[in-house]
Each structure stands twice: as structure tokens, then as C-alpha cells.
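*Asks:* Residue numbers (my numbering): 20 to 116.
All C-beta atoms in this analysis are idealised placements derived from N, C-alpha and C, irrespective of residue type, glycine included.
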Amino acid sequence: MQKSETIEMKPQVNIDLINKIYTWAVPTFLTGFIIALGFYFTTIARLSNAEAKIKTLEENQFTFKDAEQEFKPMQVDLKYMQRDISEIKQLLRESKK
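#1: When you compare only the Cα positions, how much space is there between E24 and G51?
#2: So, helix, strand or coil for E79, using DSSP?
#3: Consult DSSP for N38 and reduce its assignment to one of helix, strand or coil.
#4: Under the three-state reduction of DSSP, which class applies to M100: helix, strand or coil?
#5: With H, G and I counted as helix, E and B as strand and the rest as coil, what does DSSP make of K29?
Encoded structure:
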């Protein structure tokens, strides 16, 4: 009779692969995850800020016509500016002579 030999099979663990995973894959994944969370929360903050602004504008019933009337006094007549520019040019010509 032959004796049956039993061969012990030990699991093959590739330590280099595990080291690569822990040194590259895990930190890369965590960094990407943190960056994605940052984008997510900044987007939510911007959206809530925009919603709040729109809500206040709707509450005040602020329209574009109101904005035009409100900012009209701030508009400058360009004729005065053209006159001032021509005077400055004239003064520069006189100073060069």
C-alpha cells in the first residue's frame, strides 16, 4: 500500500502588492475623497447662498426696472468726460511746445 502524502498549501501573500496598495492606492483614494467632499460642500454653500439672495429679491419684489432707476444717478454723462479729455490733450500739447 502506498501512503498518501498530504501537501500543506499555505496561502501566497504578495507583500509587495499590499505595500503598494497601502502606500499609493489608499492615500490617493482618501485624497480624492476629501477633494470631492470639498467640492460638494462648496457647491451646497453656493446654492444656498444664491437661494437666499433670490428669496430676498423676491420678498422685496426687486425688478430690473427698479435697478435701472436706482443706478441712473450713478451714470456719468460722457460729453463731460470727452471735454475734459480734450482739455487735457490741449494742455499736454501746450506743455510740449
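*Replies:* By the coordinates alone:
#1: Position 5 of the sequence shown, counted from the first residue, corresponds to residue 24. Position 32 of the sequence shown, counted from the first residue, corresponds to residue 51. Going by the C-alpha atoms only, they are around 51 Å apart.
#2: Along the sequence shown, read from residue 1 onward, the residue named residue 79 stands at position 60. Note on identity: in this sequence residue 79 is Asn, with Glu being the wrong assignment. N79 carries a helical assignment under DSSP once its states are collapsed to helix, strand and coil.
#3: Indexing the sequence shown from 1 puts residue 38 at position 19. DSSP, reduced to helix, strand and coil, places N38 within a helical segment of the structure shown.
#4: For the purposes of this step, residue 100 is taken as the residue at position 81 of the sequence shown. In the displayed model, M100 falls within a helix according to three-state DSSP.
#5: Mapped onto the sequence shown, residue 29 falls at position 10. Here K29 sits in coil by DSSP.
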